[in-house]
Amino acid sequence: MRRHLNARFLLLTPAFLFVGGLLLLPLAWMLVLSFVDAGRFSLVHYARMLSDPSYAKSFWLTFQIAGTVTLAAILLGYPLCYWMLRLSVVWQRIVMICVLIPFWTSLLVRTYAWLVLLQRRGLVNTTLQDLGVLNEPVQLMYNVTGTTIGMTHILLPFLVLPLFAAMQRIDKDVLRAAAALGASPIFAFWRVFFPLSLPGLGAGAMLVFVLSIGYYVTPQLLGGGTTVMIGQIIQRNVELFSAWGAASAVSVVLFAIVLLLFYGMNRLVSLDRVFGGSN
Amino acid sequence: MSKVIAAGGSPVAISVRDASKRYGALTVLDSVSLDVAAGEFVTLLGPSGSGKTTLLNIIAGFNRLEQGKVFFAGMDVTDLPPHKRGIGIVFQNYALFPHMTVAENLAFPLKARGIPREEAAKAIDWALSLVQLSGYGARGINQLSGGQRQRVALARAVVFRPKLILMDEPLSALDKQLRERMQIEIRNLHERIGATTIYVTHDQREALTMSNRIAVLNRGRIVQLAEPREIYDRPADSFVAEFIGEGMLASVTRVDDHVVTLNGRRFRTTQKVPSNGDLVLVMRSEKLRLACGDEENVVEAVVRRHVFQGESLLALLELDNGFSFFYRQPTHIDMDHRLPGEGERAAFALHPEHTVVVPRSAE
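Chains as they are written, first to last, in the working numbering: chain U, 252 to 530; chain X, 579 to 941.
Printed below as a string of structure tokens:
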């Protein structure tokens with residue numbers, strides 16, 4: 252028995268060393284750094300975050316963008332998944348591959364592609380002008396709009412994958428029962444289908460939101476220096492000012508917010524009940 | 579609208595006319611017609627792929643017909659969507675709403691109909707008491723056993739007092755004992771509420787136990803539609819004879835209207851022998867009897883094997899021509915000593931009343 256137990260722990264060692272050495276230790280080190288200034292314990296980094304309005308502004312902007320991106324991903328992804336559910340298995344795979352191809356392409360490449368599409372003489376502007384929708388080109392990049400468009404496109408698969416999986420798990424007979432028992436398609440959707448798809452929607456939205464909060468490359472390229480998200484603040488602190496303590500403090504706050512969000516999400520969507528599992 | 583009257587005298591609740599359904603090259607329903615009287619309990623019985631579930635889905639409105647019509651009480655409902663048909667439905671896997679409590683599940687068809695809260699509460703109490711689950715309203719679905727879930731599904735199907743209830747193999751997920759108890763309960767429920775019921779099963783015993791009439795389906799057609807005893811005693815063809823009861827089919831030769839020969843032996847029957855086609859004699863294991871002395875309808879066979887099955891003994895018999903069949907005998911002390919041992923020859927008799935000759939169905 253003892254030998255058996257040891258052998259099992261042995262199997263865990265590589266993963267444990269990896270996670271422990273490369274994730275947990277650096278995290279702990281980051282936490283320590285955030286409370287140290289000039290070699291002594293200090294709250295100065297946190298105090299600066301409260302006194303300097305640019306931090307609050309950036310946090311607020313980050314959450315605004317993350318919220319908009321999440322909402323946009325839901326509005327695009329939910330109808331898409333619902334439509335995919337009705338396709339034959341072959342077409343479902345084809346559409347799924349179309350969703351995933353951008354996912355497999357480099358983030359940088361996709362962001363630069365948006366740069367090409369969204370510029371003043373880009374495809375979007377010229378098309379809209381040719382169609383007579385616009386008289387002159389609008390500013391679609393180097394601002395919040397461009398950042399939001401690029402991020403929504405890049406993060407959409409993270410919503411679609413869990414949401415579609417959840418929709419596929421919904422028992423078809425439950426939907427048939429709803430129809431037979433007198434529910435019109437709209438009534439059945441809101442009372443049965445939508446609540447049963449919520450765990451998948453929650454998981455997908457959570458992923459998109461959390462990934463958005465820490466986004467760096469896309470806002471850096473499409474934001475044009477005026478759209479400064481938290482990730483960029485951290486980067487500037489490290490690269491421009493070598494202020495590791497300040498960067499750590501911002502990271503700790505961001506990390507705490509994400510943990511809180513996960514905790515709240517878990518409380519809100521009681522997965523057990525929705526899946527009909529035993530508790 | 580003129581009232582449609584069935585042959586029995588009660589009004590027709592469901593009428594299916596010439597219904598056909600194809601999936602690509604496969605014909606799942608082939609010009610099926612069925613009339614069900616108001617208040618009747620009709621079972622659709624058949625092997626998987628026989629079209630029984632498709633027929634139920636067509637009555638429910640889940641499947642579109644390529645050809646044919648469906649009428650409820652004389653009204654054409656062929657193009658009516660399921661939610662406007664006013665039917666209660668029970669599925670094999672219960673299909674309860676997992677995110678709702680028992681009471682919320684029952685409230686669903688009432689809410690969909692805009693029934694006021696107080697009236698709905700009364701109906702829910704009534705339906706729960708009907709399935710002996712009073713006081714379970716606040717429970718979650720995952721807190722219930724399989725049998726309780728099926729009762730909730732039943733209650734949900736009757737809570738809005740539909741005139742028509744459809745059940746698609748509702749008991750096949752339950753174990754044997756629970757299934758037999760639920761069969762009786764569903765019968766009682768049907769007698770109390772009197773709704774016309776269509777019940778789909780592949781279990782012949784369940785069909786015999788529960789139904790007013792049984793429709794036996796094979797390859798997308800109704801082969802026979804009759805009362806259980808008629809189906810059992812007077813099967814329409816070899817398919818029905820083989821599907822229902824424990825019987826083997828022996829090829830026989832027609833002699834005249836009431837006599838056939840099996841392996842050179844004469845068998846007299848009280849029923850008229852079909853005049854043409856390939857004929858088979860239905861050798862039901864429990865209808866055979868050890869022959870004593872000079873009897874008619876006797877066949878000699880070798881006992882190959884005995885199998886003890888608790889309430890009865892099963893003997894595997896073999897004719898000289900290699901045809902094998904079963905003989906079943908209750909394990910009563912008075913019967914036991916009379917069964918010939920393995921390897922012995924013995925004579926077995928079929929009463930002319932039990933001598934059933936049917937045409938072989940097309941393969």
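Just so you know, even glycine gets a beta-carbon here, dropped at the ideal spot from N, CA and C.
(1) Could you list the residues in the stretch 659-681 of chain X with a C-beta less than 9 Å from some C-beta on chain U, going in chain order?
(2) By the 10 Å Cβ neighbour count, where 16 or more other Cβ atoms means buried, how is D872/X classified, buried or exposed?
(3) Return helix, strand or coil for Y714/X, following the three-state DSSP convention.
(4) Count the other C-beta atoms from every protein chain shown that fall within 10 angstroms of the C-beta of H910/X, then say buried if there are 16 or more, exposed otherwise.
(5) Report yes or no: do three or more beta-carbon pairs, one from the stretch 587-596 of chain X and one from the stretch 604-617 of chain X, lie closer than 8 Å?
(6) Determine which residues share a DSSP beta bridge with D703/X and list them.
(7) With H, G and I counted as helix, E and B as strand and the rest as coil, what does DSSP make of Y514/U?
(8) By DSSP, does I296/U sit in helix, in strand, or in coil?
(9) Would you say P446/U faces chain X, with C-beta separation under 9 Å as the test?
(10) Is the CB of G482/U under 9 Å away from at least one CB in chain X?
(11) Give, in chain order, every unbroken run of the alpha helix (DSSP H) that is at least 4 residues long and sits entirely within the stretch 613-679 of chain X.
(12) Does E922/X come out as helix, strand or coil in the three-state DSSP assignment?
(13) What are the boundary residues of the beta strand (DSSP E) that includes L412/U?
(14) What residue from V858/X, N671/X, R783/X has the CA that sits closest to E747/X's CA?
(15) Applying the criterion that 16 or more other CB atoms from any shown protein chain within 10 Å of the CB defines a buried residue, is F445/U buried or exposed?
(16) Measuring CA to CA, which of V881/X, P806/X, D898/X, L897/X is closest to L891/X?
(17) Compare the Cα-Cα distances from F545/X to each of Q710/X, F904/X, S723/X, E922/X and report the closest residue.
(18) So P330/U is in the alpha helix (DSSP H); what residue range does that whole segment cover?
(19) Quick check: the Cα distance between R844/X and E874/X, rounded to an integer number of angstroms?
(20) Please confirm whether S580/X has its beta-carbon closer than 9 Å to some beta-carbon of chain U.
(21) Cα-Cα, which of L767/X, K689/X, G823/X is closest to V709/X?
(22) Determine, for S285/U, whether the minimum Cβ-Cβ distance to residues of chain X falls below 9 Å.
(23) Quick test of your reading: I481/U and F286/U, contact by CB under 8 Å. State the CB separation rounded to the nearest angstrom.
(24) Count Cβ pairs between the stretch 397-409 of chain U and the stretch 350-362 of chain U that sit closer than 8 Å; are there 3 or more?
(25) For G725/X and L756/X, what's the separation of their Cα atoms in angstroms?
(26) Run the CB neighbour count on P450/U, radius 10 Å, all protein chains shown included, and call it buried at 16 or more, exposed below.
(27) With contact counted as at least three CB pairs below 8 Å, one residue from each stretch, are the stretch 629-642 of chain X and the stretch 604-612 of chain X in contact?
(28) Which chain U residues sit within Cβ distance under 9 Å of F817/X?
(29) Please state whether the Cβ-Cβ distance between V830/X and L868/X is less than 9 Å.
(30) Taking the C-alpha atoms as reference points, what is the distance between S357/U and A417/U?
(31) Compute the Euclidean distance between the alpha carbons of R600/X and Q645/X, then round it to the nearest angstrom.
(32) Excluding the 5 residues preceding and the 5 following T398/U in the sequence, name in chain order all residues of the same chain whose CB lies nearer than 7 Å to its CB.
(33) Taking the runs of the beta strand (DSSP E) that are 3 residues or longer, which of them lie wholly in the stretch 745-820 of chain X?
(34) Please list, in chain order, the chain X residues whose beta carbon lies closer than 7 Å to that of A428/U.
(35) Skipping 5 residues on each side, what residues in its chain have a beta carbon closer than 8 Å to that of P265/U?
(36) Helix, strand or coil for L436/U? Go by DSSP, reduced to three states.
Straight from the coordinates:
(1) Cβ contacts with chain U come from P659, P660, H661, K662, R663, G664, I665, G666, I667, V668, F669, Q670, N671, Y672, A673, L674, F675, P676, H677, M678.
(2) Along the second sequence, one-based indexing puts residue 872/X at 294. Using a 10 angstroms sphere on the CB of D872/X, the tally of other CB atoms stays under 16, which defines it as exposed.
(3) Here residue 714/X refers to the residue found at position 136 when the second sequence is read from its first residue. Here Y714/X sits in coil by DSSP.
(4) Translated into positions along the second sequence, residue 910/X becomes position 332. With fewer than 16 other beta carbons inside 10 angstroms of its own, H910/X counts as exposed.
(5) A contact exists between the stretch 587-596 of chain X and the stretch 604-617 of chain X.
(6) The residue you call residue 703/X lines up with position 125 of the second sequence. D703/X is not bridged to any residue.
(7) For the purposes of this step, residue 514/U is identified with residue 263 of the first sequence, where counting begins at 1. Secondary structure at Y514/U: helix, using DSSP grouped into helix, strand and coil.
(8) Along the first sequence, read from residue 1 onward, the residue named residue 296/U stands at position 45. Per the sequence shown, residue 296/U should be read as His rather than Ile. Look at H296/U here: in three-state DSSP terms it is helix.
(9) For this step, residue 446/U is matched to residue 195 along the first sequence. So, interface residue.
(10) Walking along the first sequence from the start, residue 482/U turns up at place 231. It does not: the Cβ of G482/U has no partner Cβ on chain X nearer than 9 Å.
(11) For the stretch 613-679 of chain X, whole alpha helix (DSSP H) runs of length 4 or above, ordered along the chain, are 630-638.
(12) Here residue 922/X corresponds to residue number 344 of the second sequence, with the count starting at 1. Reduced to three states, the DSSP call for E922/X is coil.
(13) For the purposes of this step, residue 412/U is taken as residue 161 along the first sequence, with counting starting at 1. Here L412/U belongs to no beta strand (DSSP E); instead the alpha helix (DSSP H) covers 395-420.
(14) As a first step, residue 747/X is located in the second sequence; it is residue number 169 there, counting from the start. Cα-wise, what sits closest to E747/X is N671/X.
(15) Numbered from its first residue, the first sequence carries residue 445/U at position 194. Label assigned to F445/U: exposed.
(16) The count along the second sequence starts at 1 and reaches residue 891/X at position 313. With respect to the C-alpha of L891/X, the residue from V881/X, P806/X, D898/X, L897/X having the closest C-alpha is V881/X.
(17) There is simply no residue 545/X to check, as chain X begins at 579 and stops at 941 in what is shown.
(18) Within the first sequence, the letter at position 79 stands for residue 330/U. Its alpha helix (DSSP H) spans residues 304-336.
(19) To locate residue 844/X, count along the second sequence from 1; it is residue 266. To locate residue 874/X, count along the second sequence from 1; it is residue 296. Taking the straight line joining both Cα atoms gives about 8 Å.
(20) Position 2 of the second sequence, counted from the first residue, corresponds to residue 580/X. For S580/X, the predicted model reports a pLDDT of 44, less than 50, meaning its position is unreliable; a value from the coordinates is still stated below. S580/X does not count as touching chain U.
(21) Position 131 of the second sequence, counted from the first residue, corresponds to residue 709/X. Comparing Cα-Cα distances from V709/X to each of L767/X, K689/X, G823/X, the minimum goes to L767/X.
(22) The count along the first sequence starts at 1 and reaches residue 285/U at position 34. No, S285/U lies away from the interface with chain X (no Cβ there is under 9 Å from its Cβ).
(23) As a working mapping, residue 481/U is identified with position 230 in the first sequence. As a working mapping, residue 286/U is identified with position 35 in the first sequence. Their Cβ separation, rounded to whole angstroms, is 19 Å, which puts I481/U and F286/U out of contact at 8 Å.
(24) As far as the Cβ criterion goes, the stretch 397-409 of chain U touches the stretch 350-362 of chain U, which means the pair count is three or higher.
(25) Residue numbering aside, residue 725/X sits at position 147 when the second sequence is read from its first letter. Residue numbering aside, residue 756/X sits at position 178 when the second sequence is read from its first letter. Rounded to whole angstroms, G725/X to L756/X spans 7 Å at the Cα level.
(26) Start at 1 with the first residue of the first sequence, and residue 450/U comes out as number 199. The residue is buried, with at least 16 neighbouring Cβ atoms inside 10 Å.
(27) Enough Cβ pairs lie closer than 8 Å, so yes.
(28) Indexing the second sequence from 1 puts residue 817/X at position 239. Per Cβ cutoff of 9 Å: no residues; F817/X is ~29 Å from chain U at best.
(29) For the purposes of this step, residue 830/X is identified with residue 252 of the second sequence, where counting begins at 1. For the purposes of this step, residue 868/X is identified with residue 290 of the second sequence, where counting begins at 1. Cβ atoms of V830/X and L868/X: not closer than 9 Å.
(30) Locating residue 357/U in the first sequence gives position 106, where the first residue counts as 1. Locating residue 417/U in the first sequence gives position 166, where the first residue counts as 1. Going from the Cα of S357/U to the Cα of A417/U covers about 27 Å.
(31) On the second sequence, position 22 is the one that residue 600/X refers to. On the second sequence, position 67 is the one that residue 645/X refers to. For the pair R600/X and Q645/X, the Cα-to-Cα distance works out to about 10 Å.
(32) Here residue 398/U corresponds to residue number 147 of the first sequence, with the count starting at 1. Apart from sequence neighbours up to five positions away, the residues of its chain that approach T398/U with a beta-carbon distance below 7 Å are I316, T469, P470, L473, G474, T478, ordered along the chain.
(33) As summarised for the stretch 745-820 of chain X, the continuous beta strand (DSSP E) elements at least 3 residues long and confined to that stretch are 774-779, 791-796, 799-804, given in chain order.
(34) Counted from its first residue, the first sequence places residue 428/U at position 177. Neighbours of A428/U on chain X, chain order: I667, F669, A673.
(35) For the purposes of this step, residue 265/U is taken as the residue at position 14 of the first sequence. Contacts found: none.
(36) Stepping through the first sequence from its first residue, residue 436/U is reached at position 185. It is Pro, not Leu, that sits at residue 436/U in the sequence shown. Reduced to three states, the DSSP call for P436/U is helix.
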